[in-house]
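Engineer: Have a look at this one before I ask anything.
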Amino acid sequence: MFQKLIFETSFFKQKNGRETPYAADTFLLSLQVKVFLYYNMKRQFSYICRKPKLCRNTSFTRKTEETSPVTVVISSTKENRNLSQIPAIVDYLKELNILSVIVRILLAIICGGVIGIERRRAHQSAGMRTYMLVCMGAAIVMATGQYMYDTFKTGDPSRLGAQVISGIGFLGAGSIITSGKTKVRGLTTAAGLWVSACIGLALGIGFYSAGLIATLVVYLIMARLKRLEYRFLVDDIYLEIYLEYDDALSVSDIAQQAERNGLKIEEVQHGTKGKGFQKALITFRNTQNESRDHVLKILEHVEGVRYVKYIY
1 MFQKLIFETS FFKQKNGRET PYAADTFLLS LQVKVFLYYN MKRQFSYICR
51 KPKLCRNTSF TRKTEETSPV TVVISSTKEN RNLSQIPAIV DYLKELNILS
101 VIVRILLAII CGGVIGIERR RAHQSAGMRT YMLVCMGAAI VMATGQYMYD
151 TFKTGDPSRL GAQVISGIGF LGAGSIITSG KTKVRGLTTA AGLWVSACIG
201 LALGIGFYSA GLIATLVVYL IMARLKRLEY RFLVDDIYLE IYLEYDDALS
251 VSDIAQQAER NGLKIEEVQH GTKGKGFQKA LITFRNTQNE SRDHVLKILE
301 HVEGVRYVKY IY
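All the letters of the sequence shown, read from the start, carry residue numbers 1 to 312 under full-length UniProt numbering.
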């Protein structure tokens, strides 16, 4: 059929007074191959496809002679290639190389900073930079232990990490402050420093999932569970309140206004002086057992007070 088509269809053109073939053979040969492949594939798929919709979409069903119909799913090659690369990337980052060291240090800085932001909002002495340094230092120590073990084949990679866990207690103890006879501050900050060091150890050894999940949980505990604790578990005898007031106003003036409403100042911590105003963290003793909201309203109505926030 195709030979007949080739001989019957001939194209010629005049060139220098001669008739020369005009690429008809090449064109018809390619057409012959395409038609042959089309009819061959159509004949094969005529008994493979049970439903046209399946053939047009992503799968087809072929019935074999001995077994039940088998469903073959045709998926995207690009998606499979991308998914298959994820385990290889994770395994590569778990090994000790320059890229994994950079990733571990950056993640430690980010995770420590997330926890430190909440502490800074609570006006604690250990803020974002402190938590960043603690978490990053722990990650470096753990990565160093892994490097020593892989390079020299001696020792235990967890030995240096154990020293971090015990040594961070000194830093945590420095953040705990006892004021008066019964008031203790800084326990949450000390616990946060210890947990931040543990997160750094996890990231430093390549246990990324544990470090990231722990960071999220710690942030939720510190930031979101505070209201629940204040509402059901914390009494209103001692109130720690952050104040910003004008330079013309003194702490003694605030104390006089507070004592008139049954509040007694137990401790005062002066913060950094701003432009035209001062900062202070004042611990009040609520002698008349007033509610926290009522105490905040009392302090807000003091002339010269710009900002009031309840801390503990």
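Glycine included, C-beta positions come from ideal geometry on N, C-alpha and C.
For Lys309, which residues from the same chain have a beta carbon less than 6 Å from its beta carbon, with the 5 sequence-adjacent residues on both sides left out?
Structural biologist: Around Lys309: Tyr242.
Engineer: Please identify the residue among Lys297, Ala258, Val141 and Glu300 whose C-alpha is closest to the C-alpha of Ala197.
Structural biologist: Measuring from the Cα of Ala197, the nearest candidate turns out to be Val141.
Engineer: If you draw a straight line from the alpha carbon of Lys94 to that of Ser100, how long is it in whole angstroms?
Structural biologist: Whole-angstrom Cα-Cα distance: 7 Å.
Engineer: Based on Cα-Cα distance, which residue from Val295, Ala248, Asp246 and Gly271 lies nearest to Arg260?
Structural biologist: For the residues Val295, Ala248, Asp246 and Gly271, the minimum Cα distance to Arg260 belongs to Val295.
Engineer: Look at the alpha carbon of Glu267 and the alpha carbon of Gln288, and state the distance between them as a whole number of angstroms.
Structural biologist: Their backbone Cα atoms lie some 18 Å apart in a straight line.
Engineer: Would you mind reading off the limits of the alpha helix (DSSP H) that contains Asp246?
Structural biologist: No alpha helix (DSSP H) contains Asp246, which is instead part of the beta strand (DSSP E) from Tyr238 to Asp246.
Engineer: Is Arg285 near Tyr238, with beta carbons less than 8 Å apart?
Structural biologist: Cβ distance < 8 Å, so Arg285 and Tyr238 count as in contact.
Engineer: Where do the N-terminal and C-terminal ends of the beta strand (DSSP E) with His270 fall, by residue?
Structural biologist: Here the beta strand (DSSP E) through His270 covers Leu263 to His270.
Engineer: Count the other CB atoms, across all protein chains shown, that sit within 10 Å of the CB of Ile213; report buried if there are 16 or more and exposed otherwise.
Structural biologist: Classification of Ile213: exposed, given that the 10 Å Cβ count is below 16.
Engineer: Please report the Cβ distance between Leu203 and Leu107, rounded to the nearest whole angstrom; I am assuming they are in contact, meaning their Cβ atoms lie under 8 Å.
Structural biologist: Rounded, the Cβ-Cβ distance is 5 Å, consistent with contact.
Engineer: Given 7 Å as the limit, tell me if Ala280 has its C-beta closer than that to any heavy atom belonging to the ligand SAH.
Structural biologist: No copy of the ligand SAH appears in this structure; indeed no ligand is present at all.
Engineer: Tell me the rounded alpha-carbon separation between Trp194 and Gly211.
Structural biologist: Trp194 and Gly211: Cα-Cα distance of roughly 13 Å.
Engineer: Near Tyr47, what residues of its chain come up, given a Cβ to Cβ distance below 6 Å and the 5 sequence neighbours on each side ignored?
Structural biologist: For Tyr47, the predicted model reports a pLDDT of 46, less than 50, meaning its position is unreliable and no value from the coordinates is stated.
Engineer: Do Leu160 and Gly145 come within 8 Å of each other at the CB atom, strictly closer than that value?
Structural biologist: Yes, the pair counts as a contact, with Cβ atoms nearer than the cut-off.
Engineer: Report the three-state DSSP secondary structure of Arg159 (helix, strand or coil).
Structural biologist: Correct three-state label for Arg159: helix.
Engineer: Using a 10 Å radius around the Cβ and a threshold of 16 neighbouring Cβ atoms, would you call Ser209 buried or exposed?
Structural biologist: That one is exposed.
Engineer: State the Cα-Cα distance for the pair Arg292 and Lys264, rounded to the nearest angstrom.
Structural biologist: Looking at the two C-alpha atoms, the distance is approximately 14 Å.
Engineer: Mapping DSSP to helix, strand and coil, what is Val305?
Structural biologist: DSSP places Val305 in strand when its eight states are reduced to three.
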